[in-house]
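K.L.:
Below is a structure I'd like to ask you about.
Numbering (this note's numbering), first residue to last: 2 to 658.
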């Protein structure tokens, strides 16, 4: 036993000694680590400098975002090697023409080196506005703008007016909207022309407000491939807010929750202007004559090469490793196939996708179906051909594969005499032929089965328009259900029948409707299969980056290219993608104005919170028991501080609080 005990004792001593040695070794190692950390920490402290160096470096795409007016007023230096480069721009819509303008103005590229390849015989893309002698006046849509379209106004302050000498398009627009500010006197009607008395209210319940706030705070990635009806219920859908929102922006319940969130954040500073459109500004004429033509004249004067009737069918790439080079353009010129070989010095800009692609045109006596004219430019097939070559070029099928969910129909109604005018005046409370603001935005027929909305902008909407005629733009969100007067779906209706449905909702006596639709107006309907394609639910990578990773001479433009924080279906988005594409590929050393930062402005957030609740303070909301008790102590904490003043300035704190 003694021997055994001795052995155990010795073993224990050895074990303890080994443990102590191990513990000592560990402590020694940790001590050295701590010593090294301390040295590193001291070293880091000694090396650290408070500095703004590197703050303005360009990102991986060659783009730098800025705010303020320092860079907005600056002219960039001429990019190195620009005289050896050529640019090929596919399409001639707003984004494409903007890219050409930035190449000329900021890239200082010779106009003769810039080639615009357009499938149609006229520039403008979705920004149209024409008089067709066989049909009448046609506007497929209109453009609502606001003061914080930073890239758009950066561009148009440099584009000369084609009406007034020595004046820019921006000057003209600014003066017009100062002298004749926009606002609506009747936002919606019910019961055939009666004011629906939305009265500037959103009529959201507390639960509905919380649903919107929750969406506002949700991360982008948590909304990938989700629809609006995945995040809202009837608390929002039954509100006046949703009537305003869906009719103004053309959102449907099945559209992208992410896009809805981005819109809300982008225009948070205009929540108060939604009910009466006082947030909006409009051009004098239709978008083609007010925006597109001045740009086209500017580019033609610079010597830019316009090639119409040229449909680009593919761009061929050489993709080696992480580098992607556009090597050829395949196209059809007046139906004849042609190829354009490219080098790395040839820059290619492609408008991928189009909301007005495949438009079907009807007329007074024909619906936009059957044998109606269809105008196709091949935008979707071009993008599909490009996308096959690399995943970074996006996924067009996510947007263009379900026209049941991406279509709606618009129509241009032109009055021919005085007989319809009194019914218009009764609703909008203004003379439609005064040359000033008329409806101030759309008037939505709240109880329309088509969810019809209509608007009359300043007349004449066309420069050469007969001053006695009035051009009305009408659209319906639900094209596949029978109307209230015309018992047919909108998509099956002739121009005359659409006019009849509109007159019914104006309150025209039923017995007068057929005659007025036949003899006092002419209507051109346009069915657009992809008009809201950009609102379809999506995930990261479905829209390609403006400059896809690895591309050295290629960029995407327009509504189906991806740029941070901005929202599609706006003129600003088109111009922003154009500026980023040109600055990034050409190396223009000038900042791109960041998206207006109202979403980060506490004043705007407080203001919008109160307005969303129709003047009720967030502090008046009934919170769960314990939280409710904390209100008064928290208010007491800010009393006498600048925070109290801020809260009172924005009606969060009221007199009785």
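For every residue, glycine included, the Cβ atom is placed at its ideal position computed from N, Cα and C.
What does the Cβ neighbour count give for residue 11, buried or exposed, with the cut at 16 atoms within 10 Å?
P.N.:
As a first step, residue 11 must be located in the chain shown, where it is residue number 10. Reliability of the predicted coordinates at residue 11 is poor, the pLDDT of 31 falling under 50, and no value is obtained from them.
K.L.:
Whole angstroms is fine: what's the gap from residue 508's alpha carbon to residue 194's?
P.N.:
Counting from one through the chain shown, the residue named residue 508 turns up at place 507. Counting from one through the chain shown, the residue named residue 194 turns up at place 193. The alpha-carbon atoms of residue 508 and residue 194 are separated by roughly 5 angstroms.
K.L.:
My output table needs one value for residue 22: the three-state DSSP class, helix, strand or coil.
P.N.:
Translated into positions along the chain shown, residue 22 becomes position 21. Model confidence at residue 22 stands at a pLDDT of 40, short of 50, so the residue's coordinates are unreliable; what they give is reported in the following sentence. Note: residue 22 maps to helix in three-state DSSP.
K.L.:
Report buried or exposed for residue 603, applying the criterion of at least 16 other Cβ atoms within 10 angstroms of its Cβ.
P.N.:
Numbered from 1 along the chain shown, position 602 holds the residue referred to as residue 603. Residue 603 should be labelled exposed.
K.L.:
Which one of 433, 454, 418 has the shortest CA to CA distance from residue 246?
P.N.:
Walking along the chain shown from the start, residue 246 turns up at place 245. Checking every option, the nearest Cα to that of residue 246 belongs to 454.
K.L.:
State the Cα-Cα distance for the pair residue 230 and residue 267, rounded to the nearest angstrom.
P.N.:
Counted from its first residue, the chain shown places residue 230 at position 229. Counted from its first residue, the chain shown places residue 267 at position 266. Each residue's Cα considered, the two are about 21 angstroms apart.
K.L.:
Can you tell me whether residue 515 is buried or exposed, with buried defined as 16 or more other CB within 10 angstroms of its CB?
P.N.:
Translated into positions along the chain shown, residue 515 becomes position 514. The residue in question, residue 515, is exposed, as its Cβ has fewer than 16 Cβ neighbours within 10 Å.
K.L.:
With a threshold of 16 other CB atoms inside 10 Å of the CB of residue 27, please say whether the residue is buried or exposed.
P.N.:
To locate residue 27, count along the chain shown from 1; it is residue 26. No answer about residue 27 holds up, because its pLDDT of 49 lies below 50 and its placement is not dependable.
K.L.:
Out of 593, 71, 411, 433, which one is the CA nearest neighbour of residue 533?
P.N.:
Numbered from its first residue, the chain shown carries residue 533 at position 532. Among 593, 71, 411, 433, the Cα nearest to that of residue 533 belongs to 411.
K.L.:
Mark residue 629 as exposed unless 16 or more other C-beta atoms lie within 10 angstroms of its C-beta, in which case mark it buried.
P.N.:
Position 628 of the chain shown, counted from the start, is the residue given in the question as residue 629. Residue 629 is exposed by the Cβ-count criterion.
K.L.:
In the structure shown, what three-state DSSP assignment does residue 189 receive?
P.N.:
Counting from one through the chain shown, the residue named residue 189 turns up at place 188. Looking at residue 189 - three-state DSSP - the assignment turns out to be strand.
K.L.:
What do you get for residue 334, buried or exposed, if any count of 16 or more other CB atoms within 10 angstroms of its CB means buried?
P.N.:
Residue mapping note: residue 334 aligns to position 333 of the chain shown, counting from 1. Exposed, because fewer than 16 other Cβ atoms sit within 10 Å of the Cβ of residue 334.
K.L.:
What is the C-beta distance between residue 439 and residue 458, in whole angstroms, given that I count them as a contact (C-beta under 8 angstroms)?
P.N.:
Position 438 of the chain shown holds residue 439. Position 457 of the chain shown holds residue 458. At roughly 7 angstroms, the Cβ-Cβ gap stays under 8 angstroms, so residue 439 and residue 458 are in contact.
K.L.:
Can you tell me which of the three DSSP states residue 391 falls into?
P.N.:
By one-based count along the chain shown, residue 391 stands at place 390. Residue state, collapsed to three classes: coil.
K.L.:
Tell me the rounded alpha-carbon separation between residue 186 and residue 287.
P.N.:
Reading the chain shown from its first residue, position 185 is the one you call residue 186. Reading the chain shown from its first residue, position 286 is the one you call residue 287. The alpha-carbon atoms of residue 186 and residue 287 are separated by roughly 22 angstroms.
K.L.:
Tell me which same chain residues have a C-beta within less than 6 angstroms of the C-beta of residue 151, skipping the five on either side of it?
P.N.:
Here residue 151 is taken as the residue at index 150 of the chain shown, counted from 1. Cβ neighbours of residue 151 beyond the five flanking positions: 594.
K.L.:
Sort out for me which residues DSSP pairs residue 316 with in a bridge.
P.N.:
What you label residue 316 is simply residue 315 of the chain shown in a count that begins at 1. Partner(s): 330.
K.L.:
Smallest Cα separation from residue 120: which of 518, 352, 103?
P.N.:
Counting from 1 along the chain shown, the entry for residue 120 is found at position 119. The option with the nearest alpha carbon to residue 120 is 352.
K.L.:
Residues bridged to residue 552 by DSSP?
P.N.:
In the chain shown, the residue the question calls residue 552 occupies position 551. DSSP output for residue 552 lists 325 as bridge partner(s).
K.L.:
Going by DSSP, what residues sit across from residue 528 in a beta bridge?
P.N.:
Position 527 of the chain shown, counted from the first residue, corresponds to residue 528. 361, 410, per the DSSP bridge assignment.
K.L.:
As a quick exercise: from 183, 169, 88, 109, pick the residue whose alpha carbon is nearest that of residue 437.
P.N.:
Indexing the chain shown from 1 puts residue 437 at position 436. Answer by Cα proximity: 183.
K.L.:
Let's test the definition: count the other Cβ atoms within 10 Å of the Cβ of residue 1 and tell me whether it reaches 16, buried, or not, exposed.
P.N.:
A query on residue 1 cannot be resolved here, the shown segment of the chain reaching from 2 to 658 and no further.
K.L.:
Would you check if the distance between the CB atom of residue 426 and the CB atom of residue 443 is smaller than 9 angstroms?
P.N.:
For the purposes of this step, residue 426 is identified with residue 425 of the chain shown, where counting begins at 1. For the purposes of this step, residue 443 is identified with residue 442 of the chain shown, where counting begins at 1. No, the pair does not count as a contact, with Cβ atoms beyond the cut-off.
K.L.:
State buried or exposed for residue 644, treating a residue as buried only when at least 16 other CB atoms are found within 10 Å of its CB.
P.N.:
To locate residue 644, count along the chain shown from 1; it is residue 643. Under this definition residue 644 is an exposed residue.
K.L.:
Three or more C-beta pairs closer than 8 angstroms, one from the segment 53 to 65 and one from the segment 87 to 94: is that the case here?
P.N.:
Segments in contact, no.
K.L.:
Quick check on the DSSP output: the alpha helix (DSSP H) that includes residue 246 runs from which residue to which?
P.N.:
Here residue 246 refers to the residue found at position 245 when the chain shown is read from its first residue. That run of the alpha helix (DSSP H) goes 241 to 250.
K.L.:
For my contact list, residue 675 and residue 547 are in at a C-beta cut-off of 8 angstroms; report their separation, rounded to the angstrom.
P.N.:
Residue 675 cannot be examined here, being either before or after the span of the chain that is shown, 2 to 658.
K.L.:
Would you mind stating whether residue 103 and residue 584 have Cβ atoms separated by less than 9 angstroms?
P.N.:
Taking the first residue of the chain shown as position 1, residue 103 is located at position 102. Taking the first residue of the chain shown as position 1, residue 584 is located at position 583. Yes, Cβ-Cβ distance for residue 103 and residue 584 is below 9 angstroms.
K.L.:
Between 386, 112, 327, which lies nearest to residue 302 when the distance is taken from Cα to Cα?
P.N.:
Looking up residue 302 in the chain shown gives position 301. Selected option, being the one with the closest Cα: 112.
K.L.:
What distance in whole Å lies between the Cβ atoms of residue 582 and residue 558, which are believed to be in contact at a cut-off of 8 angstroms?
P.N.:
If you number the chain shown from 1, residue 558 lands on position 557. If you number the chain shown from 1, residue 582 lands on position 581. So it is a contact: roughly 6 angstroms between Cβ atoms.
K.L.:
When the distance is taken between beta carbons, is residue 613 closer than 9 angstroms to residue 248?
P.N.:
Taking the first residue of the chain shown as position 1, residue 248 is located at position 247. Taking the first residue of the chain shown as position 1, residue 613 is located at position 612. Taking 9 angstroms as the Cβ cut-off, residue 248 and residue 613 do not qualify as a contacting pair.
K.L.:
Among 323, 269, 172, which has the Cα closest to the Cα of residue 393?
P.N.:
As a first step, residue 393 must be located in the chain shown, where it is residue number 392. Measuring from the Cα of residue 393, the nearest candidate turns out to be 323.
K.L.:
Taking its Cβ as the centre, do 16 or more other Cβ atoms sit within 10 Å of residue 22, making it buried, or is it exposed?
P.N.:
As a first step, residue 22 must be located in the chain shown, where it is residue number 21. For residue 22, the predicted structure reports a pLDDT of 40, less than 50, and the residue's modelled location is therefore unreliable. A value from the coordinates is still provided. Burial call: exposed.
K.L.:
Below 8 angstroms on the Cβ atoms is my guess for residue 319 versus residue 326; work out the distance and round it to an integer in Å.
P.N.:
Here the question's residue 319 lines up with position 318 in the chain shown. Here the question's residue 326 lines up with position 325 in the chain shown. So it is a contact: roughly 5 angstroms between Cβ atoms.
K.L.:
For a quick check, are the C-beta atoms of residue 357 and residue 375 less than 9 angstroms apart?
P.N.:
Here residue 357 refers to the residue found at position 356 when the chain shown is read from its first residue. Here residue 375 refers to the residue found at position 374 when the chain shown is read from its first residue. Taking 9 angstroms as the Cβ cut-off, residue 357 and residue 375 do not qualify as a contacting pair.
K.L.:
Let me know if residue 576 comes out buried or exposed under the rule of 16 or more other beta-carbons within 10 Å of its beta-carbon.
P.N.:
Within the chain shown, numbered from 1, the residue matching residue 576 stands at position 575. Buried: at least 16 other Cβ atoms inside 10 Å.
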